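Its first residue numbered 1, the sequence shown is counted upward by one per residue in the working numbering. See below for the structure under consideration.
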Amino acid sequence: MTVVDTETRFHVLAVDDGVIDRKLIEMLLRTSSYQVTTLDSGSKALEVLGLRDEGDSSSSSPPSSSAPDHHQEVGVNLIITDYCMPGMAGYDLLRRVKGSSSLKDIPVVIMSSENVPARISRRMPELTRRTPFCTSATTQG
């Protein structure tokens, strides 16, 4: 693959603390020819996006092998994140992205196996008023 191909492909940042979920998301998106970067925490996602997480000074474990070098600029078109992760939850990652003038227009999809939409809506009251928000269930078919 040439550099031009990589730069023109739709780039998805997938953040999930579950290794199986990350691998599944990566496999499905790569099958559709998307460029995929997978990370296991919201803090690492902030670092890759160029937003430093002031609450996390540790950088002991590097991002997965599919993640870019931290020093290069990352052009992300979509962020998919787990809702509930240790450290920084997907909700907190969403707030930081939407609070950034340079990243606020990137769509963020929050996934959860939790089936309590009222709890999720209650957790994000200020964001649900300003950004499109929906809950939809997926079923095994």
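We treat Cβ as the ideally placed atom computed from N, Cα and C, and that holds for glycine. Every value quoted in this text rests on a predicted model; they were computed, and no experiment measured them.
Would you say isoleucine 80 reaches chain D, if we count a Cβ-Cβ gap shorter than 8 Å as a contact?
The chain inventory of the structure shown lacks chain D, comprising one protein chain alone.
Classification of threonine 31 by the beta-carbon crowding that lies within 10 angstroms, buried from 16 upward:
For this step, residue 31 is matched to residue 31 along the sequence shown. Threonine 31 is exposed by the Cβ-count criterion.
Using a threshold of 8 Å, state whether the C-beta atoms of glycine 42 and alanine 89 are closer than that.
The residue given as residue 42 occupies position 42 in the sequence shown. The residue given as residue 89 occupies position 89 in the sequence shown. One thing to note: glycine 42 has its Cβ within 8 Å of the Cβ of alanine 89.
Identified DSSP bridge partners for isoleucine 110:
Position 110 of the sequence shown, counted from the first residue, corresponds to residue 110. Beta-bridge pairing links isoleucine 110 to Thr81.
Exposed or buried, what is glutamate 26 when buried is set at 16 or more other beta-carbons lying within 10 Å of its beta-carbon?
Walking along the sequence shown from the start, residue 26 turns up at place 26. Counting Cβ neighbours within 10 Å, glutamate 26 comes out buried, since at least 16 surround it.
Spatially closest choice to methionine 85 from Asp21, Thr8, Leu28, by CA coordinates:
Against the sequence shown, residue 85 aligns to sequence position 85. The closest CA to that of methionine 85, considering only Asp21, Thr8, Leu28, is found on Asp21.
Report the CB separation of isoleucine 80 from valine 12 in whole angstroms; it is logged as a contact under 8 Å.
Numbered from its first residue, the sequence shown carries residue 80 at position 80. Numbered from its first residue, the sequence shown carries residue 12 at position 12. Yes, isoleucine 80 and valine 12 are in contact; Cβ-Cβ is about 6 Å, under 8 Å.
For my contact list, leucine 51 and arginine 95 are in at a C-beta cut-off of 8 Å; report their separation, rounded to the angstrom.
Mapped onto the sequence shown, residue 51 falls at position 51. Mapped onto the sequence shown, residue 95 falls at position 95. Not a contact, Cβ separation roughly 11 Å.
So the alpha helix (DSSP H) alanine 45 belongs to, where does it begin and stop?
Numbered from its first residue, the sequence shown carries residue 45 at position 45. Counting along the chain, alanine 45 sits inside the alpha helix (DSSP H) bounded by residues 42-49.
Note down, in chain order, each residue of its chain lying with its Cβ closer than 7 Å to the Cβ of serine 33, except the 5 sequence neighbours on either side.
What you label residue 33 is simply residue 33 of the sequence shown in a count that begins at 1. So the list reads Arg9, once near-sequence residues are dropped.
Beta-carbon contacts of leucine 46 that lie in its chain and below 8 Å, excluding the five residues immediately before and after
Position 46 of the sequence shown, counted from the first residue, corresponds to residue 46. Answer for leucine 46: Arg52, Asp53, Met88, Leu93, Arg96, listed in chain order.
Alpha-carbon spacing of serine 66 relative to alanine 118, whole angstroms:
Within the sequence shown, the letter at position 66 stands for residue 66. Within the sequence shown, the letter at position 118 stands for residue 118. Note that serine 66 scores 44 on pLDDT, short of 50, meaning its location in the model is unreliable; the coordinates nonetheless yield the value given after this. Taking the Cα positions, serine 66 is about 35 Å away from alanine 118.
Tell me the residue span of the alpha helix (DSSP H) that contains leucine 93.
Within the sequence shown, the letter at position 93 stands for residue 93. Taken as a continuous stretch (DSSP letters only), the alpha helix (DSSP H) holding leucine 93 covers 90-98.
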